[in-house]
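Line by line, the protein sequences are chains A and B. Residues 30 to 185, numbered by the numbering used here, are exactly what the first sequence covers, in order. Residues 30 to 185, numbered by the numbering used here, are exactly what the second sequence covers, in order. We treat Cβ as the ideally placed atom computed from N, Cα and C, and that holds for glycine. A quick note: this is a predicted structure, and the numbers were derived from the prediction, not measured. Shown next, in structure tokens, is the structure this report addresses.
Number of protein chains: 2
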Amino acid sequence: MLKDIENLPRGSRFPREEILDHLKLNAEGLIPAIAQQHDTGEVLMMAWMNAEALEETLTTGRVCYFSRSRGRLWRKGESSGQIQRLKGLYIDCDGDTLLLRVDQTGPACHTGRSNCFFLRVDGHEVVVTANPLIDPGTLYGNDPASSGQTPANDPA
Amino acid sequence: MLKDIENLPRGSRFPREEILDHLKLNAEGLIPAIAQQHDTGEVLMMAWMNAEALEETLTTGRVCYFSRSRGRLWRKGESSGQIQRLKGLYIDCDGDTLLLRVDQTGPACHTGRSNCFFLRVDGHEVVVTANPLIDPGTLYGNDPASSGQTPANDPA
């Protein structure tokens, strides 16, 4: 299906459900979703969506992922308040990756940094390239029960 | 390991191998790698790397992925000539995604388009947002043997 579309010119249109039905989800029913700040181009994070998260995101305009660590829908910012508003949703040529153009409230990363990609390879070293904008303790509270809602392997 | 690093300030440094040893590869030994044009911020594509592809990329400065469809290393542009030069390689907070800042020669997408994310959801439709910069036939030749080297589910 997507193979047929790729030769069509700009402006060609198709029913949304027809295309979404041809997304290639992995064995767990998930597809990677890259979040990019819409006005600066900053790549904020990558997370995963299932069909339900994608549908909710398109319906509400607020980005919802599927948290692999928590095994449930994860409305970005539900703990931290650092939500993402959807500005545009793009599907790649082979239908196995999504690009979300978003408007991010505050830092995207659970560490309080603007984005999750703050470790840079520099020759034979890796360097931390950014400081937190906000103390993560402020985002999540400092009690173990609260911080336990935000496992290390999910962003904020 | 990465959990300890996240609280350290900008400029903190670690041996590269120590960090790379803590990357979270999936069950197939792969990690997603987002390619972004370094000077414009355009998100070009997402593909996968294994440890060998990552090592080669860091050593040569030319981006090498692991092609899941071909089951082997895939030096981006090996068929099309549309290579990616590495400008910077970033690791995310939980060590399960890479961001490559690259300089892309020509179009990144196997369709001849600048990037792979040319299908945009527009209400209840999906629209093709870009035309090819180059006829894919020019990139790969038109004989079946040649185009067979570039399956639909890998970019150029």
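- Val155 (chain A) has its alpha-carbon roughly 38 Å from the corresponding atom of Pro165 (chain B).
- With respect to the C-alpha of Ala64 (chain B), the residue from B:Gly58, B:Met75 and B:Asn55 having the closest C-alpha is B:Met75.
- DSSP places Ala82 (chain B) inside the alpha helix (DSSP H), whose first and last residues are Ala80 to Thr89.
- In the structure shown, Leu37 (chain B) falls within a coil segment according to DSSP collapsed to helix, strand and coil.
- If you look at Glu46 (chain A), you'll find it in the alpha helix (DSSP H) that goes Arg45 to Leu49.
- Here the alpha carbons of Ile48 (chain B) and Asn36 (chain B) stand approximately 15 Å from one another.
- Approximately 14 Å separates the beta-carbon atoms of Leu59 (chain A) and Gly124 (chain A); this is outside 8 Å, ruling out the contact.
- Taking 8 Å as the cut-off, the Cβ atoms of Arg45 (chain B) and Val157 (chain A) do not count as close.
- With a threshold of 8 Å between beta carbons, Glu154 (chain B) makes contact with chain A.
- Look at the region 144-170 of chain B: the residues with a C-beta under 8 Å from a C-beta of chain A are Cys145, Phe146, Phe147, Leu148, Arg149, Val150, Asp151, Gly152, His153, Glu154, Val155, Val156, Val157, Thr158, Ala159 and Asn160.
- Scanning A:Tyr169, A:Arg99 and A:Arg101 for the CA closest to the CA of Ser108 (chain A) turns up A:Tyr169.
- Bridge partners of Leu162 (chain A) according to DSSP: none are assigned.
- Per the DSSP secondary-structure output, Phe95 (chain B) pairs in a beta bridge with B:Leu102.
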